[in-house]
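2 protein chains.
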Amino acid sequence: MKARSERPDSVLRARLAGTGHRLTKQRLRIVEAFANQRRYVSARQLHARLRAQTNNIGLATVYRTLETLRELGLVTTSQHDGETLYLFCAPAHHHHAVCTHCGRVDDVPCRAVARFERMLSTGLRFRLMQHQMEFYGLCARCA
Amino acid sequence: MKARSERPDSVLRARLAGTGHRLTKQRLRIVEAFANQRRYVSARQLHARLRAQTNNIGLATVYRTLETLRELGLVTTSQHDGETLYLFCAPAHHHHAVCTHCGRVDDVPCRAVARFERMLSTGLRFRLMQHQMEFYGLCARCA
DNA sequence: CTGAGTGCAAACCGTTTGCAGGCTC
DNA sequence: GAGCCTGCAAACGGTTTGCACTCAG
Numbered sequence: 000m001k002a003r004s005e006r007p008d009s010v011l012r013a014r015l016a017g018t019g020h021r022l023t024k025q026r027l028r029i030v031e032a033f034a035n036q037r038r039y040v041s042a043r044q045l046h047a048r049l050r051a052q053t054n055n056i057g058l059a060t061v062y063r064t065l066e067t068l069r070e071l072g073l074v075t076t077s078q079h080d081g082e083t084l085y086l087f088c089a090p091a092h093h094h095h096a097v098c099t100h101c102g103r104v105d106d107v108p109c110r111a112v113a114r115f116e117r118m119l120s121t122g123l124r125f126r127l128m129q130h131q132m133e134f135y136g137l138c139a140r141c142a
Numbered sequence: 000m001k002a003r004s005e006r007p008d009s010v011l012r013a014r015l016a017g018t019g020h021r022l023t024k025q026r027l028r029i030v031e032a033f034a035n036q037r038r039y040v041s042a043r044q045l046h047a048r049l050r051a052q053t054n055n056i057g058l059a060t061v062y063r064t065l066e067t068l069r070e071l072g073l074v075t076t077s078q079h080d081g082e083t084l085y086l087f088c089a090p091a092h093h094h095h096a097v098c099t100h101c102g103r104v105d106d107v108p109c110r111a112v113a114r115f116e117r118m119l120s121t122g123l124r125f126r127l128m129q130h131q132m133e134f135y136g137l138c139a140r141c142a
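As structure tokens, this is what we get:
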């Protein structure tokens, strides 16, 4: 929620180096371009934004970088209209409240998941291994 | 949960006629092919299954029919690996427990959603309009 | 008999991949 | 320097669309 906005490049460098990856100008620019916005973006949107800046970045590089970041746990994806949307977010937390008006994405505290889990295992006799939830509505600002 | 397995064609005919659609052999065959299985299938899988039967059905027809059924509220979709998966299911219930072993899909009773909603509106000050959840694990049979 | 529905093939579009050259480590 | 990374363009794969024909109402 806060640690990420400090020093994109040092954080990123450490994370990449630890996994045998390199810190390139392109990767840095891509991360800067969407690290601090709490919203889902498509690869094409990101590419368009970067293209507007300075010299060129290939669309394929955007895709490859996003996939790398996803492997590193820095990015979550979501599908929408046959398009993959990417969100720079804290690892291992997959409940998001998406504002349908401004697009802002907030993390959802999910204590209630444990309750769900109990209900499933007793009621349905279903052993929950993984869940995926997405919430849409209006954030505090837009309500 | 049960009404659908009775008479696919009469139910379907009524639903289609009421919305200005026609009951064709193809639509009937498509519905029969997956109405009673509680699992997500892709258009291609469905098409392959139908092709194995008797005379041909075009893949495009499968897509168009699935889209029509979705508009009628008889089918829910989910994305997986860039593919759209379709589930014949009760309208207006969007919480499913998917068995990762056998693929069976059960409805999830979701009383707890109200609790979530309350938490979101007070804690995050987020006005929940829509939510989408999917649960993966092992069903009673496979556990 | 009219037009919604169909089969086929081509078009579409988001994503991936092959390859020659570049730049990080 | 070695080889990971990049840009470009072509390939890929799921889905949609145009068109002439068919058949349900």
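First to last, the sequence lines map onto chains A and B.
Last residue of the first sequence? That's 142 in numbering that gives the first Met the number 0, and every number before it is there in order.
Last residue of the second sequence? That's 142 in numbering that gives the first Met the number 0, and every number before it is there in order.
Note that beta-carbon positions come from the ideal geometry of N, C-alpha and C, so glycine has one too.
Compare the C-beta of residue i with all C-beta atoms of chain B and state if any pair is closer than 7 Å.
i: L58 (chain A); result: no
i: D105 (chain A); result: yes
i: E66 (chain A); result: no
i: L86 (chain A); result: no
i: K1 (chain A); result: Note that K1 (chain A) scores 44 on pLDDT, short of 50, meaning its location in the model is unreliable and no value can be drawn from it.
Using alpha carbons as the reference points, say which of the options lies closest to residue i.
i: A32 (chain B); options: B:L45, B:D106 and B:F115; result: B:L45
i: V61 (chain A); options: A:A47, A:G72 and A:Q131; result: A:A47
i: F87 (chain B); options: B:Y39, B:E70 and B:D8; result: B:Y39
i: T99 (chain B); options: A:L84, A:R114, A:R126 and A:L58; result: A:R126
i: A89 (chain A); options: A:C101, A:T76 and A:R124; result: A:T76
i: N35 (chain B); options: B:A59, B:N54 and B:L73; result: B:L73
i: T121 (chain B); options: A:L119, A:F115, A:L137 and A:L123; result: A:L137
i: R103 (chain B); options: B:F134, B:L119, B:D80 and B:Q129; result: B:F134
i: Q131 (chain A); options: B:A96, B:L84 and B:R114; result: B:A96
i: A142 (chain A); options: B:A142, B:A139 and B:L123; result: B:L123
i: E70 (chain A); options: A:R37, A:T18 and A:C101; result: A:T18
i: D105 (chain B); options: B:R114, B:H94 and B:I56; result: B:H94
i: L58 (chain B); options: B:M118, B:E116 and B:R43; result: B:R43
i: Q129 (chain A); options: A:A139, A:Q52 and A:A113; result: A:A113
i: C101 (chain B); options: B:R140, B:N55 and B:I56; result: B:R140
i: N55 (chain B); options: B:D80, B:H79, B:K24 and B:R117; result: B:K24
Just the chain B side, please: which residues come within less than 9 Å of residue i by C-beta, in chain order?
i: G19 (chain A); result: The premise fails here: G19 (chain A) is roughly 26 Å from chain B at the closest Cβ pair, so nothing lies under 9 Å.
For a contact defined as C-beta to C-beta under 9 Å, what are the partners of residue i on chain A?
i: H95 (chain B); result: Neighbours of H95 (chain B) on chain A: none; closest Cβ ~11 Å, over 9 Å.
i: T99 (chain B); result: M128 and Q129
Once the 5 residues before and after residue i are set aside, which same chain residues still bring their CB inside 7 Å of it?
i: T67 (chain A); result: H20
i: V107 (chain B); result: H94, H95, A96 and F134
Using 7 Å as the limit for Cβ to Cβ distance, is residue i near chain A?
i: L137 (chain B); result: yes
i: E133 (chain B); result: yes
i: H130 (chain B); result: yes
i: L123 (chain B); result: yes
i: Q78 (chain B); result: yes
Residues of chain B with a CB under 7 Å from the CB of residue i: which are they?
i: R126 (chain A); result: G136, L137 and A142
Please go through the same chain and pick out, in chain order, the residues whose beta-carbon is closer than 8 Å to the beta-carbon of residue i, but skip the five residues on each side of it.
i: L22 (chain B); result: D8, L11, R12, L15 and A16
i: L49 (chain A); result: R28, I29, A32, I56 and V61
i: Q78 (chain A); result: L84
Using a cut-off of 8 Å between C-beta atoms, extract the partners of residue i located in chain A.
i: L119 (chain B); result: A96, V107, F134 and G136
Residues in the same chain with beta-carbon distance under 6 Å from residue i, minus the five sequence neighbours each way, listed in chain order, please.
i: T64 (chain B); result: R26 and I29
i: S41 (chain A); result: E82 and L84
i: R37 (chain A); result: R103 and V104
i: L119 (chain B); result: F125 and L127
i: D80 (chain B); result: none
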